[in-house]
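Undergrad:
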Amino acid sequence: MVVAETLVGIQLVQSSCKAIKSALKTAENVSEIGGLLENMFSAKEKLKEQSHPIASKWAKFIKGKTGQDNFLQLAIQETVDEKLAQEEMRKVMRMLNRRFGNDTWEHILIERDKKKKAHADQMEMERLERDDMYDKILQIGGGIIAVAIAVIGMVFYVKYRMNR
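44 is the number of the first residue of the sequence shown in my numbering; add one for each residue after it.
(1) For a test of the three-state rule: what should DSSP assign to Thr122, helix, strand or coil?
(2) The alpha helix (DSSP H) spanning Ile195 covers which residue range?
(3) My output table needs one value for Glu71: the three-state DSSP class, helix, strand or coil.
(4) Taking only the alpha-carbon atoms, compute the straight-line gap between Ile76 and Glu121 and give it to the nearest angstrom.
(5) To the nearest angstrom, how far is the alpha carbon of Gln54 from that of Tyr177?
(6) For Lys126, which of Met197, Arg207, Gln57, Lys202 has the nearest alpha-carbon?
(7) So what's Gln93 in DSSP terms, helix, strand or just coil?
(8) Exposed or buried, what is Gln129 when buried is set at 16 or more other beta-carbons lying within 10 Å of its beta-carbon?
(9) Restricting to Cα atoms, I'd like to know which of Asn72, Ser59, Ala62 is closest to Arg141.
(10) Got a sec? Which residues, its chain only, sit under 7 Å from Met233 by beta carbon, not counting five neighbours each side?
(11) Just to check my reading of the structure: Ser65 and Asn82 have Cβ atoms closer than 8 Å, yes? What is that Cβ distance to the nearest angstrom?
(12) By how many angstroms is the C-alpha of Lys160 removed from the C-alpha of Phe84?
(13) Can you tell me the Cα-Cα spacing of Ser99 and Lys134, whole angstroms?
(14) Thinking C-alpha only, which one of Leu80, Ile183, Ala189, Met138 is nearest Arg155?
(15) Rounded to whole angstroms, what is the Cα-Cα separation between Arg173 and Ile180?
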């Protein structure tokens with residue numbers, strides 16, 4: 044399954060690069076190919092997630108259970124796929140820099156990192172606000188329960204005293 048996922052990852056990178064190459068011929072500015080670039084970056088990240096740690100963690104376990112040592116082939120395939128993806132990204136970098144100026148790729152990477160950080164900060168802020176809301180709900184609910192218990196206790200006490 045890991046091999047199939049890795050192959051899908053490298054195919055995504057390569058198909059994204061081909062789409063960018065064809066879109067660069069007609070693009071007037073970089074924003075027209077932004078979605079394609081994001082697809083390429085996400086495919087590269089997916090490929091990176093599926094590479095070496097899986098093989099190294101499970102290699103000893105599987106080898107001990109089955110007696111087979113086929114993880115060397117898997118590690119080689121993952122390394123080659125990673126290098127192919129890097130090569131494709133370098134080609135896209137060169138094409139973008141050639142078409143839109145020397146530092147276009149660096150600006151793209153900087154802006155992408157800024158946007159990812161801003162998104163992560165926004166998600167963190169929303170999580171904190173949600174946690175604060177839940178805390179307030181719990182405090183209010185706890186207060187209501189405490190008051191209800193006190194009122195019920197007082198009612199029972201008054202009834203007890205009246206019956207004596």
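In this text, a Cβ means the ideal position worked out from N, Cα and C, and glycines have one as well.
TA: Checking against the coordinates, here is how it stands:
(1) Here residue 122 refers to the residue found at position 79 of the sequence shown. It is helical.
(2) Here residue 195 refers to the residue found at position 152 of the sequence shown. Note, Ile195: alpha helix (DSSP H), 147–206.
(3) As a first step, residue 71 is located in the sequence shown; it is residue number 28 there, counting from the start. In the structure shown, Glu71 sits in coil (DSSP, three-state: anything other than H, G, I, E or B).
(4) The residue labelled residue 76 in the question sits at position 33 within the sequence shown. The residue labelled residue 121 in the question sits at position 78 within the sequence shown. The C-alpha of Ile76 lies about 28 Å from the C-alpha of Glu121.
(5) Here residue 54 is taken as the residue at index 11 of the sequence shown, counted from 1. Here residue 177 is taken as the residue at index 134 of the sequence shown, counted from 1. Near 44 Å, if we compare the C-alpha coordinates of Tyr177 and Gln54.
(6) Sequence index remark: in the sequence shown, residue 126 carries index 83 (1-based). With distances taken between Cα atoms, Lys126 lies closest to Gln57.
(7) On the sequence shown, residue 93 is found 50 positions in, with the first residue counted as 1. Gln93: coil per DSSP, three-state reduction.
(8) On the sequence shown, residue 129 is found 86 positions in, with the first residue counted as 1. Exposed, because fewer than 16 other Cβ atoms sit within 10 Å of the Cβ of Gln129.
(9) For this step, residue 141 is matched to residue 98 along the sequence shown. Out of Asn72, Ser59, Ala62, Asn72 has the C-alpha closest to the C-alpha of Arg141.
(10) Outside the modelled stretch of the chain, which goes from 44 to 207, sits residue 233, for which no answer is possible.
(11) Position 22 of the sequence shown holds residue 65. Position 39 of the sequence shown holds residue 82. At roughly 14 Å, the Cβ-Cβ gap does not stay under 8 Å, so Ser65 and Asn82 are not in contact.
(12) In the sequence shown, residue 84 corresponds to position 41, counting from 1. In the sequence shown, residue 160 corresponds to position 117, counting from 1. Spanning the two alpha carbons is a distance of roughly 15 Å.
(13) Here residue 99 corresponds to residue number 56 of the sequence shown, with the count starting at 1. Here residue 134 corresponds to residue number 91 of the sequence shown, with the count starting at 1. Note that Ser99 scores a pLDDT of 49, beneath 50, so its modelled location is shaky and nothing firm can be said.
(14) Numbered from its first residue, the sequence shown carries residue 155 at position 112. Comparing Cα positions, the closest option is Leu80.
(15) Start at 1 with the first residue of the sequence shown, and residue 173 comes out as number 130. Start at 1 with the first residue of the sequence shown, and residue 180 comes out as number 137. Taking the straight line from one Cα to the other gives about 11 Å.
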